[in-house]
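In the working numbering, the protein residues as written are 213 to 352.
We put the CB at the ideal spot given by N, CA and C, even for glycine.
Owing to the predicted nature of the structure, the values given are computational and were not obtained by experimental measurement.
First the structure, in the form of structure tokens, and then the observations on it.
The structure is reproduced here in structure tokens:
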């Protein structure tokens, strides 16, 4: 993987790597490592989904989302992880990139939007691709 010939922020350990629209693969690796060093649970939020506080109502049969007034300290700390991850990602991109992710509600959505924009969608697995090609051939 080629690194950019001249990058502005240097190798700072205090601020996230900056993405200017070029060398996405290089930035992606550096950002993942930066986030893991900050807090490995932030990377979990990006890979999985943000925490949503839930409660059971009635006789324990229905689960619903808690209202903000019902949050306890553990809920607030867990919710904060998504916002910390979002902050790091947003601080690591330039305005042009921000415009493409500004509607994203979670850090996972931001990461996936950037990945789709710069790497495309996930390629089909070989068996699926072979099946599709054979299906098209026999449809003729």
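Where the alpha helix (DSSP H) containing residue i begins and where it ends
i	result
residue 298	285-303
residue 240	236-250
residue 320	319-331
residue 232	Unbroken run through residue 232: none, as it is neither H nor E.
residue 260	It is not in any alpha helix (DSSP H) - residue 260 carries neither H nor E in the DSSP assignment.
residue 306	Unbroken run through residue 306: none, as it is neither H nor E.
Cβ neighbour criterion (16 or more within 10 Å) applied to residue i
i	result
residue 247	buried
residue 339	exposed
residue 342	exposed
Element boundaries [beta strand (DSSP E), containing residue i]
i	result
residue 268	266-269
residue 273	Unbroken run through residue 273: none, as it is neither H nor E.
Nearest to residue i (by Cα), restricted to the options the options
i	options	result
residue 309	266, 318, 322	322
residue 269	262, 261, 279	279
residue 327	263, 237, 267	237
residue 240	344, 273, 329	329
residue 231	332, 255, 304	304
residue 307	233, 254, 292	233
residue 298	281, 257, 289, 282	257
Length of the line joining the Cα atoms of residue i and residue j
i	j	result
residue 312	residue 284	34 Å
residue 325	residue 235	16 Å
residue 350	residue 276	49 Å
residue 229	residue 242	7 Å
Nearest-angstrom Cβ-Cβ length linking residue i and residue j, presumed shorter than 8 Å
i	j	result
residue 261	residue 318	7 Å
residue 265	residue 251	That pair is no contact at about 19 Å.
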